[in-house]
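> Can you read through this structure? Questions will come right after.
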Amino acid sequence: MLTIQFESIKKTFGSVTAINDLQLTINEGEVYALLGHNGAGKTTTLRLLLGLLEPDHGTITVFGKNPLGDGDTVRRMCGVLSEDVGLYESLTVDDNLRYYADIYGMSRVEANKRIDQLLDRFDLFDKKCLIVKGFSTGMKKKVALIRAMLHRPRILLLDEQTNGLDPVSTADLRTILSQLAREQGTTIIMTTHNLEEVQKMCDRISILRHGQNILTASISALKNSNQYVEQGQFSLEKLYMDIETIKTTEAIKITEAKGANK
Ligand SMILES: Nc1ncnc2c1ncn2[C@@H]1O[C@H](COP(=O)(O)OP(=O)(O)OP(=O)(O)O)[C@@H](O)[C@H]1O
Ligand SMILES: [Mg+2]
């Protein structure tokens with residue numbers, strides 16, 4: 663089975679240790695969430711995966727490729743929604759998307775079809791010829807999401823994808839992402855602070871603390887464990903709050919003892 667693997671990864675920025683002995687294994691087709699407080703190292707992890715940063719120590723493999731040596735291959739496999747959506751504000755929606763379709767090497771016919779299909783799916787078809795500059799935060803995020811999905815990547819990296827989306831758009835996106843994972847086997851890695859969303863759609867989670875993976879678990883194993891229950895139901899928020907109060911070494915032991923990462 664193809665995997666994304668981080669082995670003993672360390673990354674520092676000057677005196678700041680952003681990633682500290684990070685171990686992570688994500689399987690093809692999984693919907694995976696990286697959780698953790700602000701500054702825990704989630705975005706840095708995604709940038710390392712893409713080969714945009716070089717680790718100080720350790721090895722990363724993405725479906726057998728090294729993101730540094732084989733950066734172009736890895737990045738071509740990935741669709742990325744970054745924290746700052748990074749659109750060309752003075753271009754129209756269509757021009758923004760077409761520009762990336764060209765970079766991805768899509769034919770004009772294929773790009774036209776795919777762009778129209780996705781604009782329709784995200785309820786943005788009537789905005790196709792408008793300049794991005796005047797768009798709301800959520801609308802820009804949707805355009806950036808379409809851009810990430812355009813070339814049908816095998817891996818989708820979503821940094822805070824629902825931040826700024828209204829509840830209906832959030833639910834819509836959940837359906838779209840679940841379909842991608844189920845029907846096309848897309849591997850989806852997301853960072854988010856929306857724990858309810860994670861509980862609804864993710865297969866597994868890792869909680870990062872000071873750049874370390876302190877807990878890896880599958881949502882189904884957690885649900886079956888009958889722990890972290892609130893009003894009779896499993897609550898990821900309760901786990902997140904509880905885990906905050908215990909030491910890193912103890913949290914890592916919980917993962918191992920539960921075998922909850924299976
Ligand atoms: N380019 C950089 N230069 C210096 N420090 C950095 C850089 N990128 C990240 N850091 C530091 O690394 C740590 C991890 O940052 P990162 O952006 O990965 O956190 P995060 O988990 O994504 O947080 P958030 O939830 O706020 O997005 C922080 O202490 C941050 O200040
Ligand atoms: Mg971040």
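Everything in the sequence shown is counted per this note's numbering, starting at 663 for the first residue and increasing by one.
All residues carry an ideal CB built from backbone N, CA and C; glycine is no exception.
1) Between Ala695 and Glu822, what straight-line distance do the alpha-carbon atoms span, to the nearest angstrom?
2) For Thr799, collect the residues of the same chain with a Cβ closer than 8 Å to its Cβ; drop the 5 residues on either side in sequence, then sort them by chain order.
3) May I have the straight-line CA-CA distance separating Asn700 from Val771, to the nearest angstrom?
4) Three or more C-beta pairs closer than 8 Å, one from the stretch 806-819 and one from the stretch 840-856: is that the case here?
5) Buried or exposed: Ile777, going by 16 or more other Cβ atoms within 10 Å of its Cβ?
6) Do you know how far the Cα of Lys672 is from the Cα of Asp782?
7) For the alpha helix (DSSP H) containing Gln779, list its first residue and its last residue.
8) Under 7 Å Cβ to Cβ from Lys924, same chain only, skipping five residues before and after it: list those, please.
9) Please report the distance separating the alpha-carbon of Gln874 from that of Gly703.
10) Is any heavy atom in ligand 1 found nearer than 7 Å to the beta carbon of Lys672?
11) Which residue comes first and which comes last in the alpha helix (DSSP H) that contains Ala763?
12) Quick one, which of Val755, Val805, Ile867 and Pro729 has its alpha-carbon nearest Leu715's?
13) For a quick check, are the C-beta atoms of Leu812 and Tyr766 less than 8 Å apart?
In brief:
1) Against the sequence shown, residue 695 aligns to sequence position 33. Against the sequence shown, residue 822 aligns to sequence position 160. Looking at the two C-alpha atoms, the distance is approximately 10 Å.
2) Here the question's residue 799 lines up with position 137 in the sequence shown. So the list reads Gly826, once near-sequence residues are dropped.
3) As a position in the sequence shown, residue 700 is number 38, starting the count at 1. As a position in the sequence shown, residue 771 is number 109, starting the count at 1. Here the C-alpha atom of Asn700 lies approximately 42 Å from the C-alpha atom of Val771.
4) Yes, since at least three Cβ pairs between the stretch 806-819 and the stretch 840-856 fall closer than 8 Å, the two stretches touch.
5) The residue given as residue 777 occupies position 115 in the sequence shown. Per the 10 Å Cβ criterion, buried.
6) Residue mapping note: residue 782 aligns to position 120 of the sequence shown, counting from 1. Residue mapping note: residue 672 aligns to position 10 of the sequence shown, counting from 1. Going by the C-alpha atoms only, they are around 42 Å apart.
7) For the purposes of this step, residue 779 is taken as residue 117 along the sequence shown, with counting starting at 1. Taken as a continuous stretch (DSSP letters only), the alpha helix (DSSP H) holding Gln779 covers Arg770 to Arg783.
8) The residue you call residue 924 lines up with position 262 of the sequence shown. Note that Lys924 scores 49 on pLDDT, short of 50, meaning its location in the model is unreliable and no value can be drawn from it.
9) Reading the sequence shown from its first residue, position 212 is the one you call residue 874. Reading the sequence shown from its first residue, position 41 is the one you call residue 703. Take the alpha-carbon of Gln874 and the one of Gly703: they are about 8 Å apart.
10) By 1-based counting over the sequence shown, the position of residue 672 is 10. The answer is no for Lys672.
11) Against the sequence shown, residue 763 aligns to sequence position 101. Taken as a continuous stretch (DSSP letters only), the alpha helix (DSSP H) holding Ala763 covers Val755 to Ile765.
12) One-based indexing of the sequence shown puts residue 715 at position 53. Checked all of Val755, Val805, Ile867 and Pro729; the closest Cα to Leu715 is Pro729.
13) Stepping through the sequence shown from its first residue, residue 812 is reached at position 150. Stepping through the sequence shown from its first residue, residue 766 is reached at position 104. Note that the C-beta distance between Leu812 and Tyr766 is below 8 Å.
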